[in-house]
Amino acid sequence: MSRSPIRFMAFFELWAEHKKWHIPDLHYEIAEWLEEIWENRVDVGEAVLEVFRGASKSTILAIFNAWLLRQNPDWHVLVQSADDGVAKKLTADTKGVIRRHKLCSGMQDNRLWATQQFSVYGNEDYRNASCSAHGIFSNVTSARADLVEFDDVEVPKNCATALRREELRTRMD
């Protein structure tokens with residue numbers, strides 16, 4: 054299914070309109086930053102979004118993931134968080150956007166539509182989900198990801214000691 058391209062900011066604003074959200078300036082800044090690093094990427098490997106707790110980073114990232122998969126259904130996103138449960142929240146939010154965003158109609162592929170991983174129509178690599186969720190200390194093998202997102206990986210149990218911080222850095226590398 055061919056889809057005409059759309060800028061992330063327009064996609065984001067349509068979602069906010071659907072949800073009847075007022076978009077604060079901070080959310081515009083985050084969305085603009087995501088779009089800018091995406092458009093200007095050579096290697097996005099070092100992009101870090103650091104914002105205070107409760108700023109809706111994960112919500113905006115879920116909308117971004119849905120937009121990425123709409124732009125290119127062959128894209129593969131690996132979400133890693135403090136644990137599997139936290140990671141699954143982001144994939145669940147992404148699936149919610151895909152299910153309900155008017156520009157994502159027809160993307161849901163029910164052949165693989167689980168909480169921990171899902172695929173969208175157009176993903177030609179059936180062995181690898183469009184989006185997968187795993188805790189940072191989970192064993193992730195055979196995962197072909199075009200983008201790895203670390204969302205809420207740094208929690209007290211993962212970084213309370215120098216040894217745990219080193220283990221976390223190693224896993225993220």
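Just add 53 to the spot in the sequence shown (first one is 1) and you have this note's numbering. Using N, Cα and C, we set each Cβ at its ideal position, and we do this for glycine too. Keep in mind that this is a model prediction, so the values were computed, not measured.
As a beta-bridge residue in DSSP terms, Q133 pairs with H187, F203.
In the same chain as A100, and ignoring 5 residues on each side of it, the C-beta atoms closer than 7 Å to its own belong to I90, in chain order. In this structure S183 touches S172 by the C-beta definition: roughly 4 Å separates them, less than 8 Å.
DSSP, read as helix, strand or coil, puts L165 in strand.
A residue is called buried when at least 16 other Cβ atoms come within 10 angstroms of its Cβ; H75 does not meet this threshold and is exposed.
According to the DSSP assignment, S172 belongs to the beta strand (DSSP E) that extends over 170–173. Sixteen is the threshold: when 16 or more other Cβ atoms of the shown chains lie within 10 Å of the Cβ of R123, as they do, the residue is buried.
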